[in-house]
Every structure is written in C-alpha cells, then in structure tokens.
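What follows is a set of notes on a single structure, which appears directly below.
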Amino acid sequence: MTVKKAIIPAAGLGTRFLPATKSMPKEMLPIIDTPVIQYVVEEAIASGIEDIIIITGRGKRAIEDYFDDSPELEMHLAKKHNTELLKLVRDVSSLVDIHYIRQKEPNGLGDAVLRAEKHIGNEPFAVLLGDDIIVNDKPCTAQLIENFEKYGRSTLAVEEVPYEKLSSYGIIKGKPLNDSLYVLEDIVEKPSPEAAPSNMGAIGRYVFTPEIFDCIRDAGAGIGSEIQLTDGIRALNRTQMIYACRFKGKRFDTGDRLGYVKSIVDFALKNENLREDILEYIGEILAVEKDLAKK
Ligand code: UTP
C-alpha cells in the first residue's frame, strides 16, 4: 500500500515570530517571494501525495486565500497582458486537492494531527510540518514513503541536532540498521541535553500507519498540557515497529528566526537573478565588519 494523503499542521501560534504572527500565519512568511507553505505543499506533491489536509486555526485565513483562485487579480493581470504573472498566480491555485480543517485551540501537534482522522480513514498518511523546508532532489517525504513501501512501518525523519538545541526536539533512541536507518527504541520530547538518549532529533516529516490516531488519543496530554505527537509515537512503538530515517537533504527550520534568515540567504544564492548581487552585498558587509574588528 502506498501513501496518497498528507496532513500539514499549520495551526500553531508562531510565538517566535511575534509581532508579525499577530496577524499573519508564520507558514505564510515569504522566502523572497514564495510563502514557506508553498514549498511544503510542493514537496508533498513531488512525493506522490494527491490529497492534502491543512490544519488551520484562528488568524490563518491567509493560507486558504493563498491556495484559492483570485479572480480580481487574474482579471487585472489578463487586462495588462501580464501572462507570466498570470500563469504564476493560476499555477498556485491549481496545485493539488487541498482541504482545510480547523483546530479550535492550539492544543499541540498531536491534537492537530488528530483533527484529520476522519478525513484520513484507515490509510497510511504523511505529516509535513508547515514551517520546515527540506531541499533535496528526492524529497524527504518521498524517502519516508519509500521506506514505508518497503517495510510497511511508520517512519520518522531524523537529523543530528546540536547539543544546545536538543531540548527543542523529540530525541530518539534507535538501533542502527545501516547508515541511514534506525529501529526506534524510544523517543523523548524536549529532553535536557544531559538526559537526551542520542543527538538524533525528529524533524517535521513523518509517515504513519492509521493506528497512530488511537495512540495519540490514548496518550492524552503531555508536556505543557499539550497533546504531543511524540507521546503518540511512543505509544505506537509499543505495538508496532517504527523506523527513523536519517534523510538526505538540507533542512531549514523557518519557524526559528535564524533558520528563516538562513533559508532566505540560501534561496537567494540559488536564484540566478539575485546571486551575483547578493554575493557582492555580502562581500561589502564582510569588508565593513573586518574594518570594524581592526579598530
Ligand atoms: P511549532 O511548535 O514549531 O509551532 O509547531 P508554534 O507553536 O506555532 O511555534 P512557536 O514555538 O510558538 O513559535 C510545528 C508545527 O505544528 C503546527 C504549527 O503550526 C507548526 O507548523 N502546530 C503546532 C499546530 O498545527 N497546532 C498546534 O497546536 C501546535
């Protein structure tokens, strides 16, 4: 069985991006000219996903509007014969079948995933966090789906996390099978660095068997009184083997200010219309900084 449905949780409050997120979803922050969530949706499509459920909440209407048709704008661009921009705008709204489900309160990632249970039914599905961008020729979600198709087991994407950041992630204990695959033995939500079972953290990509829903529900509220996905994964691991996959690709945590700035620099350097100017500008800044350091 393969994976055709995906959940993109995007109902969090984005407090690390206040005050911007007072009135705009962090998933709509632009990486130059394209909102973060478009990259996430594109990764899902490139991984073979045909049906996407975005979990939204209060103040997240901009996401729905973004993926909807925009007749006035299209009419305006058509009148001006701006065919290039017209195509760009139309392409966004015809990407894929997207459904929206509201999470009434941001009660945690586990709760956000649970909101989509009825829509998913008894099928395996992917979860892609709405604020993580992963760049690779073979998308990260496709790598997880490939593992799922091989073993029929839930699979989490993991990567090495620096010591001082361990307490921001779900950290796994795993039995290595080869360079890139572990059998999950345990996962601990936001451990202190001293107590972390390894330096491998779960990032925002997962493939689950549908049994995860009952496990999230049974686990109930955890750290911060939120319904944590990590607790559901722990519970699932008691009855089903789970794999952790060290994915190939470069990840940007755009929900974090430094991660967001890094993503813009990287994408600008990859853009042939911007690359030379950006390099020149970075050169100028470095020269000024060097001079200041000498004084
Ligand atoms: P984060 O913990 O990074 O998002 O959740 P947050 O809570 O919005 O961010 P900060 O820490 O306050 O800045 C990862 C993803 O899960 C979604 C978020 O929208 C984000 O895409 N999420 C989180 C939900 O959909 N619902 C929740 O209750 C929590």
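Taken in order, the sequence shown gives residues 1 to 295; the numbers are from UniProt numbering.
Note that the Cβ used here is the ideal one computed from N, Cα and C, for glycine as well.
Around the C-beta of residue i, are 16 or more other C-beta atoms found within 10 angstroms, so that it is buried, or is it exposed?
i: residue 288; result: exposed
i: residue 261; result: exposed
i: residue 115; result: buried
i: residue 30; result: exposed
i: residue 131; result: buried
i: residue 75; result: exposed
i: residue 224; result: exposed
i: residue 162; result: exposed
i: residue 28; result: buried
i: residue 277; result: exposed
i: residue 291; result: exposed
i: residue 176; result: exposed
So the candidates are the options; which of them puts its Cα closest to the Cα of residue i?
i: residue 196; options: 130, 186, 204 and 205; result: 186
i: residue 96; options: 47, 109, 266 and 114; result: 47
i: residue 178; options: 80, 246, 201 and 122; result: 246
i: residue 239; options: 229, 248 and 212; result: 212
i: residue 89; options: 70, 99 and 105; result: 70
i: residue 189; options: 181, 199 and 255; result: 199
i: residue 52; options: 254, 172 and 5; result: 5
i: residue 174; options: 165, 73 and 156; result: 156
i: residue 231; options: 170, 50 and 123; result: 170
i: residue 64; options: 83, 41, 294 and 84; result: 41
i: residue 165; options: 104, 176, 203 and 153; result: 203
i: residue 68; options: 98, 233 and 104; result: 98
i: residue 193; options: 233, 273, 184 and 172; result: 172
i: residue 160; options: 91, 180 and 150; result: 180
i: residue 252; options: 118, 140 and 66; result: 140
i: residue 118; options: 248, 100 and 18; result: 100
i: residue 22; options: 60, 279 and 106; result: 60
Starting from the C-beta of residue i, find all residues in its chain whose C-beta is less than 8 Å away, skip the five residues before and the five after it, and write them out in chain order.
i: residue 271; result: 32
i: residue 235; result: 215, 216, 218 and 219
i: residue 250; result: 134, 135, 136 and 266
i: residue 242; result: 153, 154, 155, 156, 183, 184, 233 and 236
Among residues of its own chain, excluding the 5 on either side of residue i, which ones have a beta-carbon nearer than 7 Å to its beta-carbon?
i: residue 267; result: 31 and 32
i: residue 102; result: 56 and 57
i: residue 108; result: 226, 227 and 228
i: residue 16; result: 255, 256 and 257
Would you check if the distance between the CB atom of residue i and the CB atom of residue j is smaller than 9 Å?
i: residue 285; j: residue 110; result: no
i: residue 148; j: residue 210; result: no
i: residue 127; j: residue 229; result: yes
i: residue 201; j: residue 168; result: yes
i: residue 255; j: residue 26; result: yes
i: residue 54; j: residue 129; result: no
i: residue 10; j: residue 37; result: yes
For residue i, report the span of its alpha helix (DSSP H) as first-last.
i: residue 114; result: 109 to 114
i: residue 239; result: 229 to 239
i: residue 291; result: 275 to 294
i: residue 141; result: 140 to 151
i: residue 214; result: 212 to 219
i: residue 71; result: 71 to 79
i: residue 64; result: 61 to 67
i: residue 259; result: 257 to 270
At a Cβ threshold of 9 Å, is residue i touching chain B?
i: residue 190; result: As a matter of chain content, chain B is missing from the structure shown, which is built from one protein chain.
What residues in its chain sit with their C-beta under 6 Å from that of residue i, if we drop five residues either side in the sequence?
i: residue 39; result: 133
How is the beta strand (DSSP E) around residue i delimited, first residue to last?
i: residue 53; result: 51 to 56
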